[in-house]
Structure formats: C-alpha cells, structure tokens
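In our numbering, the protein residues as written are 912 to 1282.
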C-alpha cells in the first residue's frame, strides 16, 4: 500500500484527542459500537467466553491460531522484582506496584526487538504473580508461589489468597480476563504501539500502557459501581435510589458507553457467566436484579439516548464477587489487557513505521527578543 504524501504547508483538519483519526491497521480486534459487537480476530466475544479460556484467547491474539487446549499458568517473580515490591510502601497504589514490577522485570530480561509471542507469554504470566505478591506484602503476608497446575486466572486467585478457588469463581474471573483482553485502539493500546514503533522493548511498551490505563478517564471506575450497589442494598430499594440519583443529576455508573450504542457485548458475556453460576455470590445476585430495574428507568427517563449496560457494571460485580478489594480492580483490568497490549506490540513491529503525528502551531508569529 502506497502512503499518500502532502506538502508540509497543506492545512489538515484538527481532531482533538485524535478522535476519529485512523492511526493503525489491525487484524486483532473489531469494535462495532452501533451493532454492539466485539470480535477478536473475527470471533465473537460471546463465543470466546462460552467456549474458550483466557490462555486460549491470549494465544489467539498473539498468533492468530485458535487452540482451546492452550494453557498458561502464572510464573515466578524474579528476585530483583521481589526486592522492589518489598521496598514499596503499603500505601502504594496497586497500579503503581504493577507498573514498577513490569519495569524491573524488563530490566532482568534480554528483550530483543521485535517483540515475540514468547515474550508476550512470559510477561503475561509474570504480572499476575507480581500483583498478587504486592497485595499480600502490604497486608504483612508472604507471597505465595505459583501453582503450575492452575490456569492463569485461578493461579492469580491462589497467589492472592493462598487457597485454591472453586471452579465457578475461577471461571468468572477467567471470563472477565477474556472480555478485558482487547478493545481496539484505546488510549493504553495506542501508547503501547507508539512505544513499540520507536523499536523499544515489550516491557517498556506495557509499562507505558499501564501508565495510560491508570488515568481515570481511561481505566474507568468499576469501584464506583460497587459503591452504588452497596448504597442500594437490595433490588427492592433499587428503583427509588436510581430515581433519586437521576433527579439530582447524577450519572448512573455502569450504563452508557462512548463507543457502544447497543448493549455492550462484554457485559452480555459476563452476565451469561454470572447467570450460569449455581451458587452466585451476593454481589452478582444484586447486580443481575438491579440491572433490569436500571435499564427500565433509564429508558423511561432518556428515550432519546442509548444508555445500555457497559462492561464496568458486570466487571465490578464479578471482581467483587471473586473476593478482590476495589483498589485492585484497575490493576486486575491491566492484567487482562496484557494479551491485547502485547499482541498490538507484535502487530506494530510486523509492519513498523515510527508513529510521529504533527501539531498545529497556534503560538506567536516570528518575533525579536525585547531589549
């Protein structure tokens, strides 16, 4: 494909935030907001959740091959990373701890360019162990070694709690990891591709992506969904609480999305998993019941707007239901997104061109210094 060239003096339209500006070609994820579809390499997200696992989905993103038997367990934390984690204050945010751990991990590896699927597997397997280690250290507990018999989501819970999760709990977290794995050219993924385009290493790309995801405008606020559900307390009280909140002009968290105009397919996939659990945690029971009430009230109040359930709504309920504290939610989202970030880094390197957009100068014209 031959790129079109323009004169440096040719004016170009300015799009704040690069909104609507194509900046990459990708075969990884298709986000179809109007139809409410999300595809990973052409496969529907609902089918991947129903028939796959996070290791299989991650491998699909990295290689393009669908192997439902593919396995990936959590990996040991190198000594240098453990020293760094022990040096962090207990008050450090989990996202900061994860960012630090990936940076130190990268310094212990020999990560040649271009990034590879092997590098992506190693980093994706390491990060859950590092986050679990920090979560225990800040509680005054010693880290737990990985269990190679467990797949990544179950292994992460094992290392967090020191006990093996039941199958339903592991399944719910695995489903969350799948729906969080990839979502087009979002801010953190774009950051990873920009860093990769400079021929920097994979760890650097993921460190930058974590930094971008840490911002509240990108990573979302699923913990606010938990707080709302906590305030409602029960399905019976939900409608009165929702109407009062809307009367005050407050936003109902977990509903509406910048891209999706239909029901978020990631939320639909998580709800299907939640509904299939024989023994649902209380948080999931509450979320399922409240959602129906919220959608009815929102449709009544705003018939002109498509305010449907987004992924944050069920993400919050699943993460709370499997026993994670709300301050671990963003970092756990980052663990899930490792598959997509690293797949995009591999894809960027495959047909690399340095990402270097231009800026429109709006300052003073050429002038002399005073005096």
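We treat Cβ as the ideally placed atom computed from N, Cα and C, and that holds for glycine.
From a predicted model like this one, the values you see are computed outputs, not experimental measurements.
TODO: Check residue 912 in the structure and name its three-state DSSP category.
DONE: Note that residue 912 has pLDDT 39, beneath the 50 cutoff, so the model's placement of it is unreliable and the number below is only indicative. Three-state result, residue 912: coil.
- [ ] Given a cut-off of 7 Å, decide if residue 984 and residue 1066 are closer than it, judged by their beta-carbon atoms.
- [x] yes
- [ ] To the nearest angstrom, report how far apart residue 1223 and residue 1044 are at their CA atoms.
- [x] Residue 1223 and residue 1044 have their C-alpha atoms roughly 25 Å apart.
Open item on the list: What does the Cβ neighbour count give for residue 1257, buried or exposed, with the cut at 16 atoms within 10 Å?
Closed with: buried
Open item on the list: Mapping the DSSP letters down to three states, classify residue 1130 as helix, strand or coil.
Closed with: helix
Open item on the list: Quick check on the DSSP output: the alpha helix (DSSP H) that includes residue 1224 runs from which residue to which?
Closed with: 1222-1232
Open item on the list: What does DSSP give as the partner residue(s) for residue 1280 in the beta ladder?
Closed with: The partner list for residue 1280 (beta bridge, DSSP) is empty, contrary to what the question assumes.
Task: Rounded separation between residue 1145 and residue 1063 - CA only - done: 33 Å
- [ ] Keeping to the same chain, check which residues put their C-beta closer than 6 Å to that of residue 1228; ignore five residues upstream and five downstream.
- [x] 1194, 1195 and 1198
Open item on the list: Using the three-state DSSP reduction, which class does residue 1136 fall into: helix, strand or coil?
Closed with: Correct three-state label for residue 1136: helix.
Task: Range of the contiguous beta strand (DSSP E) that encloses residue 951 - done: From DSSP, the beta strand (DSSP E) with residue 951 extends over 948-951.
Task: Contacts around residue 982, its chain only, beta-carbon distance under 7 Å, and the 5 residues preceding and following it disregarded - done: 966 and 1062
Task: Which of helix, strand or coil DSSP assigns to residue 1090 - done: Of the three classes helix, strand and coil, the one that applies to residue 1090 here is helix, per DSSP.
- [ ] Could you give the DSSP three-state label for residue 1056: helix, strand or coil?
- [x] coil
Task: Environment of residue 1085 [buried if 16+ CB atoms lie within 10 Å] - done: buried
Task: residue 1268 - DSSP class collapsed to helix/strand/coil - done: Reduced to three states, the DSSP call for residue 1268 is coil.
Open item on the list: Less than 8 Å between C-beta atoms, sequence neighbours within five positions excluded: which residues of the same chain meet that for residue 938?
Closed with: Within the same chain, residue 938 has close Cβ partners 952, 975 and 1258.
TODO: Give me whichever residues DSSP pairs with residue 955 in a beta bridge.
DONE: DSSP, once it has assigned bridges, lists 950 as partnering residue 955.
Task: Reference residue 1011, options 1098, 1037, 1031 and 1050, closest by Cα - done: 1037
Open item on the list: I need the straight-line Cα distance from residue 1161 to residue 998, nearest angstrom please.
Closed with: 40 Å
Open item on the list: By the three-class DSSP mapping on this structure, what secondary structure does residue 940 have?
Closed with: strand
Task: C-beta contact flag for residue 1230 and residue 1166 at 7 Å - done: no
Task: Within 7 Å, strictly: CB atoms of residue 1134 and residue 1240 - done: yes
Task: Spatial distance of residue 955 from residue 972 (CA atoms) - done: 13 Å
Open item on the list: Just to confirm my understanding: we take residue 1126, look at its own chain, exclude 5 residues before and 5 after, and list those with CB closer than 8 Å. What are they?
Closed with: 1098
Task: Own chain residues within Cβ distance below 7 Å of residue 916, not counting five before or after - done: Note on residue 916: pLDDT 42, under 50, position unreliable in the model; no value is reported.
Task: Residue range of the unbroken alpha helix (DSSP H) whose run includes residue 1101 - done: 1098-1108
Open item on the list: Taking the straight line between their C-alpha atoms, what separation do you get for residue 969 and residue 1247?
Closed with: 9 Å
Task: For residue 1166, the residue or residues it bridges with in DSSP - done: 1220
Open item on the list: If I follow the unbroken alpha helix (DSSP H) through residue 1257, where does it start and stop?
Closed with: 1240-1261
- [ ] Please state if the CB of residue 1102 and the CB of residue 1119 are separated by a distance shorter than 7 Å.
- [x] yes
- [ ] Would you mind working out which of 1237, 1058, 1000 and 1210 sits nearest residue 1173, comparing C-alpha positions?
- [x] Residue 1210 is the option with its Cα nearest to residue 1173.
TODO: Go through its chain and collect everything with a Cβ distance to residue 926's Cβ below 8 Å, but skip five positions before and after it.
DONE: 932
Task: Element boundaries [alpha helix (DSSP H), containing residue 1213] - done: Secondary structure note for residue 1213: it is in no alpha helix (DSSP H), with a DSSP letter that is neither H nor E.
Open item on the list: Between which residues of its own chain and residue 1156 is the CB-CB distance below 7 Å, once the five residues before and five after are set aside?
Closed with: 1163
TODO: Give every residue of the same chain whose Cβ lies closer than 6 Å to the Cβ of residue 980, excluding the five residues on either side of it in the sequence, and list them in chain order.
DONE: none
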